[in-house]
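Asker:
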Amino acid sequence: GRSSEILNKSYTFDTAYMSEIVADDSSDLHGVKAVLEGTLDLPATTLIDRRIVQNVCNMVGTRGVRLSAAAMSAVLLARPELMKSNISVGIDGSMYQFYPNFEQDLYKVSSVFLDPDFVQNRLKLRLAKDGSGVGAAIVAMTVDRDRA
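Residue numbers (the working numbering): 139 to 286.
(1) Considering only residues of the segment 183 to 253, which uninterrupted alpha helix (DSSP H) runs meet the minimum length of 4 residues and lie entirely inside it, listed in chain order?
(2) Closest by CA to residue 262, which one among 169, 148, 241, 149?
(3) Using a Cβ-Cβ cut-off of 6 angstroms (strictly less than) and excluding sequence neighbours within five positions of residue 155, which residues of its own chain qualify?
(4) For residue 182, which residues of its own chain have a beta-carbon under 8 angstroms away from its beta-carbon, when the five flanking residues on both sides are left out?
(5) Based on Cα-Cα distance, which residue from 192, 266, 191 lies nearest to residue 230?
(6) What's the gap between the Cα of residue 278 and the Cα of residue 170?
(7) Helix, strand or coil, according to DSSP, for residue 265 in the structure here?
Structure follows, in structure tokens:
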């Protein structure tokens, strides 16, 4: 296969590229071509190459949705009392924020694990910017409070 110096470096295929590639609905996948040839400096690609890359990005995105839904659902199933009322779940990350249909698909897949009525009517997914930093601060505050 063909590659480039950029693509051969670890962690250079950013989720932003996946979002752009999956969102491309042009007949010649011009956006995919721009990412592969322009951004990642790959040699000339064929339409078949671009379709394959788009399909792989779709598969990776679907996996991300399923893993996210499974993790969130596991936490909620471990705490069933949380599902008796409305609940908001903060989600951080560029996949949730930018990947096409990630949020809608996350609701759909969550309905496989959780009561569909709960998911449709009482579960609210929200973007939580810098969620891991805020979460770490809350944990540190709770630990500090419990020590006192």
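C-beta atoms are modelled at their ideal positions from N, C-alpha and C, and glycine is treated no differently.
Values in this document were obtained by computation on a predicted structure and should not be read as measured data.
Answerer: Put simply:
(1) 185 to 216, 232 to 236, 240 to 251
(2) 241
(3) 173
(4) 175
(5) 266
(6) 43 angstroms
(7) strand
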